[in-house]
Structures are given as C-alpha cells and as structure tokens.
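When you read off a place in the sequence shown, starting at 1, and then add 163, the result is the number in my numbering.
Note that beta-carbon positions come from the ideal geometry of N, C-alpha and C, so glycine has one too.
For reference, the structure discussed in these notes is given below.
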Amino acid sequence: LVKDFVEVPQGVFFNENMFPEMLDENDREAWDMYFTLLFMRKAQGVGTWEIKAEDIASVIGADLTKKSGKSRVRKTLLRLEDDYGLITFSTLKKENAFKVALTEGVFQSDFKPVNVPVAFYQYGFQKRWSLPTQYAYCVSLIMESESKARPYWMSPAQQLAERFSIDPDSLR
164 LVKDFVEVPQ GVFFNENMFP EMLDENDREA WDMYFTLLFM RKAQGVGTWE IKAEDIASVI
224 GADLTKKSGK SRVRKTLLRL EDDYGLITFS TLKKENAFKV ALTEGVFQSD FKPVNVPVAF
284 YQYGFQKRWS LPTQYAYCVS LIMESESKAR PYWMSPAQQL AERFSIDPDS LR
C-alpha cells in the first residue's frame, strides 16, 4: 500500500489552460518543472523557494554554458507563470537565481488533489514516460479515486477527452 504521495491539484487536469494545454503544446519542460516544484513542496513543506538557474536547468535538461540554455530556463518559468498560471517568479540578482512560488489558488479548488506516489518522482517516471502517458496515468488516478468499484474504473475515451479537455488520441 502506497502511503507517500505528492498532491497534484486536480484542477490542473480540468482547466484547459493548464495541463491539457501543456499536452497540446508538448511542453515537457513546463510539466517537469511544475511536478518538481510539487515534489519540493511535499518534501520541504513550503511553496516558495529561491532556486538557482542551474537547478532548473538540470530539471529541464538545459545547458547553461550556452545562451540558449539560459533562455530555456527563463522561458520555462515564463510559460508556467503567464501561459498556465501555476507559479509566480522573480529574478534575483545574487547567484543567477529565481524566487519561485506555486500559485496557491490552484490548490483551493472544489476537487480533491490527485495523489501521485512519491515513487513516481523518485524512480524518474516523469523523465522516462512521455507526457501523454503521464497524463493518462494521472487521469487514471482521478478516475480510480472516483470509482465505486475501486481500484477499477471504465469510461469511453471520447467521454474522458471531453471531461479533461484533451484530444482522445492522447489517452491511447
């Protein structure tokens, strides 16, 4: 029985401007960074950090020795803030770092969080699984938590696609 979870706000999966858009845009860097922040929130019990650019670069696979790598770090944070509304951030002058905060409003939805096992992060599934696979896994966790026949559930792909604002092929 898995007892250690990272709580992912369920609203992230229902709001078409959040994970469904990341999926449409294949924005792996934004999802990896966001999930890492959620894991950090679980581990440290806080939702605001000073994070060095090199730490962000290691999460998204950017090379900071190149100008493009520095740009990718900043653009990932900008997308999480402006496109998805999942964080706020500011640039710190010292040590090429950023102050990053999770948007707490996302956590105060009418939905209970999706409990993703910590092992998902610890074993590197967020790096090994494709974005659609991760999305399908999280949808499966949501559906399982709502099922009266837990841990079993069933639903047509078209119905799931409509509910989660995604292309039905994303779940195949």
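field: Residues of its chain near V175, where Cβ-Cβ distance is below 6 Å and the 5 sequence neighbours each way are ignored
entry: M181, F182
- request: Compute the distance between the beta-carbons of A193 and M203, then report whether it is under 8 Å.
  value: Cβ distance not < 8 Å, so A193 and M203 don't count as in contact.
For T251 and L243, the rounded distance between their alpha carbons: 8 Å
- prompt: Quick one: what's got a C-beta closer than 8 Å to L164's C-beta in the same chain, skipping five residues either side?
  reply: Summary for L164: the model assigns pLDDT 49, below 50, so the residue's position carries little reliability, and this model does not support an answer.
- prompt: Taking the Cβ atom as the reference point for each residue, do N278 and L304 lie within a distance shorter than 8 Å?
  reply: L304 is positioned such that its CB atom lies closer than 8 Å to that of N278.
query: Under the three-state reduction of DSSP, which class applies to E170: helix, strand or coil?
result: strand
- request: Keeping to the same chain, check which residues put their C-beta closer than 6 Å to that of Q322; ignore five residues upstream and five downstream.
  value: none
query: Does the separation of the CB atoms of V236 and A220 fall below 8 Å?
result: yes
message: Which residue marks the beginning of the beta strand (DSSP E) containing V222, and which one marks its end?
response: Under the DSSP assignment, V222 falls outside any beta strand (DSSP E), being part of the alpha helix (DSSP H) whose first and last residues are 216-223.
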